[in-house]
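Below: the structure, in structure tokens.
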């Protein structure tokens, strides 16, 4: 266990015995407390996203999987319909079909294919239909744009959570490496001191 966690335990529970042990749940809770303390020292007030990342880190749950699960929530019928209408209304297929309908409508009512055209010039019924289509299409497209903005915001939050989790993981990895290096340097220094003592002993015996 790293010295920082030992210091946190001793601050809460007092000095530890040499053979002291800790369960996984308490160790996860201590890690959450330590990470939360570090982030508060750096950023001040923690956001909900920060706390979610800390909770995932304490439970050893992948933040990427958590973010992916949130994005896989099923869409409502209205959301799917608005996306479909917005996708169709913003395509060349819609423009071509709508142009064919307009030209056909005006041709039928202008060339005189019928003795009594159902919508003679100036095509009042056609104007009414176009106004109704525009009035219905505008709010549907706005709903789709609102959903797209929500998806962009969710994607940005997920990227923030993943980047924060990666930063915390890298920081913990650096601390583990530093702790391991310090431990190895202490052992090397001890071995070097033993070698020096042995050499001094041999030199002393030769002098005698």
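Residue numbers (the working numbering): 12 to 219.
Note that the Cβ used here is the ideal one computed from N, Cα and C, for glycine as well.
Predicted model, so just to flag it, every value in this text is computed and none were measured.
| request: Please confirm whether residue 93 and residue 158 have their CB atoms less than 8 Å apart. | output: Along the chain shown, one-based indexing puts residue 93 at 82. Along the chain shown, one-based indexing puts residue 158 at 147. Closer than 8 Å, so yes.
| field | Residues near residue 2 in its chain [Cβ-Cβ closer than 6 Å; skip 5 each side] | value | Within the shown structure, residues of the chain are numbered from 12 to 219, placing residue 2 beyond reach of any answer.
| said: Assuming the contact rule is C-beta atoms closer than 8 Å, residue 61 and residue 176 should be a hit. Round their C-beta distance to whole Å, please. | reply: Here residue 61 refers to the residue found at position 50 of the chain shown. Here residue 176 refers to the residue found at position 165 of the chain shown. In fact, because the Cβ distance is near 10 Å, the residues do not count as touching under 8 Å.
| message | For residue 132, which residues in the same chain have their Cβ closer than 8 Å to its Cβ, ignoring the five residues on either side in sequence? | response | Numbered from 1 along the chain shown, position 121 holds the residue referred to as residue 132. For residue 132, where only same-chain residues beyond five positions count, the Cβ hits under 8 Å are 120, 121.
| query | Taking the alpha-carbon positions, what's the residue 152 to residue 184 distance? | reply | Counted from its first residue, the chain shown places residue 152 at position 141. Counted from its first residue, the chain shown places residue 184 at position 173. Cα to Cα, the separation comes out at about 47 Å.
| query | Taking C-beta to C-beta, are residue 155 and residue 97 nearer than 8 Å? | reply | Within the chain shown, numbered from 1, the residue matching residue 155 stands at position 144. Within the chain shown, numbered from 1, the residue matching residue 97 stands at position 86. In contact: residue 155 and residue 97 (Cβ atoms closer than 8 Å).
| Can you give the Cα-Cα distance for residue 127 and residue 85, rounded to whole angstroms? | For this step, residue 127 is matched to residue 116 along the chain shown. For this step, residue 85 is matched to residue 74 along the chain shown. C-alpha separation (whole angstroms): 51 Å.
| query | Mind checking residue 172: buried by the 16 CB within 10 Å criterion, or exposed? | reply | Within the chain shown, numbered from 1, the residue matching residue 172 stands at position 161. Buried, because 16 or more other Cβ atoms sit within 10 Å of the Cβ of residue 172.
| task | State the DSSP-derived secondary structure class of residue 127, mapped to helix, strand or coil. | result | Taking the chain shown and counting its residues from 1, the one referred to as residue 127 is at position 116. In the structure shown, residue 127 sits in coil (DSSP, three-state: anything other than H, G, I, E or B).
| said: I'd like to know whether the C-beta atoms of residue 137 and residue 116 end up nearer to each other than 8 Å. | reply: Taking the chain shown and counting its residues from 1, one reaches residue 137 at position 126. Taking the chain shown and counting its residues from 1, one reaches residue 116 at position 105. Yes, Cβ-Cβ distance for residue 137 and residue 116 is below 8 Å.
| Does the distance from the C-beta atom of residue 57 to that of residue 49 stay below 8 Å? | Taking the chain shown and counting its residues from 1, one reaches residue 57 at position 46. Taking the chain shown and counting its residues from 1, one reaches residue 49 at position 38. Result no, Cβ atoms of residue 57 and residue 49 do not sit closer than 8 Å.
| Are the Cβ atoms of residue 148 and residue 101 separated by less than 8 Å? | In the chain shown, counting from the first residue as 1, residue 148 sits at position 137. In the chain shown, counting from the first residue as 1, residue 101 sits at position 90. No; because the gap between Cβ atoms is not below 8 Å, this pair is not in contact.
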